[in-house]
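In full-length UniProt numbering, the protein residues as written are 1 to 196.
All residues carry an ideal CB built from backbone N, CA and C; glycine is no exception.
Only a predicted model underlies this, so the values are computations on that prediction, with no experimental measurement involved.
Below is one structure, written out as C-alpha cells; comments come after it.
Here it is as C-alpha cells:
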C-alpha cells in the first residue's frame, strides 16, 4: 500500500490568522496591548531582517510567560484551544485533515511555539514539528527557545531530522508564505494557500 506523508504549516494555512499574537492577546489581555506597542519598533526592524525575527519573537513571548509553570502554561493553551478551535481552523482544512486515511502520517510544521499549537495537533492526531519552549528542571518556562525558530530552511532541516522521508512514496505539503518554500522543496506535491 502506498504510504503518504502530509505536512501542514499552521498559521495562515490551517488557521485564518497568526496564532502567536492571538494566543497572547487571549491569554494576557490586560498586558497585551502595552507590550505590543513597546515591541512595535522591534517587529518593524525584524521584518527588515536587521535583527533576527526569532529572537524578537522569543523576547516578546518571554515578556508574558517567563516564570510560569508547565501546569499554568498547559492550562492557558488548553483554554485557548477550547475557546478558539472552531473559529480559527479553516473549515476546508478541518474536513481535509479528518479525511486522511489513518495509514498515512500527518504533521503540523510551524514556526509557532509548541505551547499553544500542541492542543491542535493532539486533537487531530498529528505529529508536531515546531519551535520549542524551554523549561528548567522545575518545569518553569525560562523564556528561551530550545530549538531554532522553525521557519524557512529550519522547517526542512527539522523535517529531515525528525522523519525518515525514505519511508514515504509521496509527500504532500501545505503552506501559505515564502517561509514554507524550503518545506515545499522536499515535497512531491506542494499546495500553496490550498484552504484559503
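Reduced DSSP category for residue i - H, G, I as helix; E, B as strand; rest coil
i           : result
residue 73  : helix
residue 168 : coil
residue 107 : strand
residue 89  : strand
residue 81  : helix
residue 13  : coil
residue 135 : strand
Opposing strand residues paired with residue i [DSSP bridges]
i           : result
residue 68  : In DSSP, residue 68 forms no bridge with anything.
residue 173 : 7 and 190
residue 129 : 109
residue 26  : Paired residue(s): none; residue 26 is not in a bridge.
residue 44  : None, per the DSSP bridge assignment.
residue 140 : 69
Proximity winner among the options, relative to residue i (alpha-carbon distances)
i           : options              : result
residue 122 : 104, 160, 78 and 192 : 78
residue 120 : 151, 21 and 80       : 80
residue 22  : 70, 1, 76 and 52     : 76
residue 1   : 101, 150, 68 and 146 : 101
residue 63  : 47, 46 and 39        : 39
residue 113 : 149, 84, 137 and 97  : 149
residue 213 : 128, 43 and 93       : Residue 213 is absent from the model: the chain starts at 1 and stops at 196.
Classification of residue i by the beta-carbon crowding that lies within 10 angstroms, buried from 16 upward
i           : result
residue 6   : buried
residue 107 : buried
residue 175 : buried
residue 179 : buried
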